Every structure is written in C-alpha cells, then in structure tokens.
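Data block below; observations after.
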Amino acid sequence: MKQIYKNIVQSVSSGEKLLAVLIDPDKFQIEHTPAFISKVNASIATHIFVGGSEVEEQLTDILVNEIKKHTQLPIVLFPGDVTQITNKADGLLFLSLISGRNPEYLIGKHIKAVSKLKGTQLDIIPTGYLLIENGKETAVQRVTQTQPMPKNNSEHIVNTAKAGELLGMKLIYLEAGSGACEPISESIISKVKSELNIPLIVGGGIRSKTQMNAAYQAGADVVVIGTAFEEDESFFDSLKK
Ligand code: 1GP
C-alpha cells in the first residue's frame with residue numbers, strides 16, 4: 009500500500025508544496041491519457057486526483073487503470089459518489105462535506121462505501137471538505153444540495169475547519185468549486201491555516217501560476233487544479249520541473 013497521507017505530512021513538514029492535477033473522468037477522453045499524463049509527468053505535479061460530481065459507473069475504474077500505465081505519481085480518488093471508488097487507485101479522500109448540513113454527505117455515503125472498502129489497499133484519508141461561495145452555483149452545490157459558506161464569515165469557516173480537525177479528520181480541503189470564478193481568497197486560506205495542525209488543500213478556480221503561488225504563500229499545502237488544464241494544456245509548460 010502506498011503511504012499517501014504519511015508522505016503528504018512528511019512533505020509538508022519539510023516545507024514542500026504539493027500540486028494535484030484533478031482529472032474528472034466525465035470530462036476526459038480516455039484515448040488522450042498517454043499525451044496528457046506525459047505532460048503531468050514533466051510538470052511539478054506531485055499527485056493525480058481522479059473524481060467528479062457526476063461520473064458514469066465503471067468509468068473511474070477504467071480511467072485509473074489507464075493512468076497507472078503512464079505514471080508513477082500517486083493516484084488519489086476524490087469521489088463525488090461511492091460508484092467512483094476503485095481499488096486500482098492508491099488513496100482515497102474520504103470526504104465529509106462539513107460546510108453543509110446534508111446527512112448523506114456527512115455520513116450517509118460513507119456508510120454505503122464500507123462494503124466497497126473491505127480489504128482495500130487504498131490509503132483512506134478522512135478529509136473535512138468545505139465549500140466556500142465564489143459567486144456562482146457550482147456542481148458540488150447542486151449535487152449535494154448544500155449551500156456554500158459565505159466567504160465574508162471567515163470566523164465560521166475557520167471554526168468549521170478546526171472542528172473537522174478535532175473530529176479526527178486528517179486533511180482539510182477548502183473548495184471554491186470546479187471552474188469557480190474566484191479561487192479561495194488568500195485571507196481565508198491564511199486564517200484557516202494558522203489554526204490547523206493538519207495539512208490544508210485548496211482548490212477551485214485556480215487558473216494561473218500566480219494564483220497557485222498566492223495560495224501556497226497564504227498557507228495551502230496542496231493546490232488542486234483541474235479546469236485550467238482541461239481548457240489549456242499549455243499551462244503545463246509554465247509548470248515544468
Ligand atoms: C474542484 O478543487 C477542484 O473540485 C479543482 O477546481 O477545476 O476549478 O481547478 P478547478
């Protein structure tokens with residue numbers, strides 16, 4: 009079993025910043041895997057996340073299998089649903105949507121996942137997932153039927169993230185939503201980071217190296233980027249190793 013979480017903690021404690029390239033199986037052409045992954049391999053990316061809000065059953069399994077043929081990078085599931093769980097990946101963000109109050113996304117789907125996770129080799133990482141408003145409705149909001157947290161109430165965001173840590177979650181993920189108009193603000197990232205003792209993931213709406221570095225500077229340990237690579241693969245050129 010790959011020690012995904014242990015390695016993230018080690019990297020964070022040595023001051024390394026991590027970049028996860030998010031591949032949404034629903035928006036990705038499987039035939040394009042070798043070309044796309046060769047660009048990922050040549051970049052500073054440290055992880056590949058696979059997942060989406062709405063993905064056809066079996067597609068994640070097929071895609072992870074294909075990605076694995078072309079990279080040594082750890083593949084971590086970032087599932088919107090239990091149907092996206094495959095033992096072919098290395099790790100699983102076991103997400104609890106703690107910004108919302110929909111019991112299905114707080115505990116319901118997790119119970120449904122248990123039978124799929126029996127005997128698994130996946131490194132299962134309990135993750136507190138916070139959706140923050142960004143000016144437009146996102147797929148996460150629509151699918152989970154939860155409201156994002158108002159971005160001007162940073163105290164509530166910080167307390168929610170900290171409550172996740174105190175409940176035993178191993179990562180906190182601040183999410184603006186895929187294709188968000190605005191990424192999570194530096195001010196929110198730094199306030200959350202200053203209260204946490206666990207690694208912080210930030211994603212949603214990050215479309216440039218400048219925005220990525222701003223998130224790192226503010227305190228993000230892992231940045232997740234999906235849409236910007238989907239829309240323009242030349243972005244990888246500015247992120248070469
Ligand atoms: C979405 O945080 C991820 O869940 C990445 O968002 O697609 O906007 O990069 P983008």
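All you need for my numbering is the position in the sequence shown, starting with 1, plus 8. In this text, a Cβ means the ideal position worked out from N, Cα and C, and glycines have one as well. In this text the structure is predicted, and so the values were computed from the model without any measurement.
Q: Take every Cβ of the stretch 225 to 232, pair it with every Cβ of the stretch 150 to 160, and state whether three or more of those distances are shorter than 8 Å.
A: no
Open item on the list: Assess contact between the stretch 115 to 124 and the stretch 65 to 73, defined as three or more Cβ pairs (one per stretch) separated by less than 8 Å. Is contact present?
Closed with: no
Exercise. Give a single yes or no on whether Leu-30 has its beta carbon closer than 6 Å to a heavy atom of the ligand 1GP.
Key: yes
Beta strand (DSSP E) containing Ile-31: first to last residue?
For Ile-31, the enclosing beta strand (DSSP E) begins and ends at 26 to 31.
- Task: Could I get the ranges of all uninterrupted beta strand (DSSP E) runs contained in the stretch 122 to 198, with 3 residues as the minimum, in chain order?
- Result: Positions of the beta strand (DSSP E) runs, each at least 3 residues long and wholly inside the stretch 122 to 198, are given as 131 to 139, 179 to 183 in order along the chain.
I need the residues with a C-beta less than 6 Å from some heavy atom of the ligand 1GP; please give them in chain order. Leu-30, Glu-183, Ser-186, Gly-187, Ala-188, Gly-211, Gly-212, Gly-213, Ile-214, Val-232, Ile-233, Gly-234, Thr-235, Ala-236
Reduced DSSP secondary structure (H/G/I, E/B, other) of Val-63:
coil
- request: Output the boundary residues of the beta strand (DSSP E) element that contains Phe-57.
  value: 55 to 58
Could you check if Lys-201 is buried or exposed, using at least 16 other CB atoms within 10 Å of its CB as the buried criterion?
-> buried
Check whether the stretch 50 to 61 touches the stretch 170 to 181, counting contact only when three or more Cβ pairs, one atom from each stretch, lie closer than 8 Å.
-> no
> Under a Cβ-count criterion, where at least 16 other Cβ atoms within 10 Å of its own Cβ denotes burial, should Gln-80 be classed as buried or exposed?
Replying inline: exposed
Determine the direct distance from the alpha carbon of Pro-191 to that of Ile-197, and round the result to whole angstroms.
A straight-line Cα-Cα distance of about 10 Å links Ile-197 and Pro-191.
**Request:** Just list the beta strand (DSSP E) runs in the stretch 61 to 105, keeping only unbroken ones of 3 residues or longer that don't cross its boundaries, in chain order.
**Result:** With a minimum length of 3 residues, the continuous beta strand (DSSP E) runs that stay inside the stretch 61 to 105 are 83 to 85, 99 to 105.
So Lys-12 is in the alpha helix (DSSP H); what residue range does that whole segment cover?
Sequence inspection shows Ile at residue 12; the Lys mentioned does not correspond to that position. 12 to 21 is the extent of the alpha helix (DSSP H) around Ile-12.
| field | Boundaries (first-last residue) of the alpha helix (DSSP H) holding Ile-209 | value | Here Ile-209 belongs to no alpha helix (DSSP H); instead the beta strand (DSSP E) covers 208 to 211.
Taking only three categories from DSSP, how would you classify Lys-249? coil
Residues near Leu-139 by beta carbon distance below 6 Å, same chain, minus five either side = Ser-107, Val-148, Pro-156, Glu-183
Compare the Cα-Cα distances from Pro-134 to each of Val-166, Glu-145, Pro-87 and report the closest residue. Pro-87
Subject >> Whole-number beta carbon distance between Lys-124 and Ile-93, since they are thought to touch under 8 Å >> reply: 5 Å
Would DSSP call Ile-52 helix, strand or coil? coil
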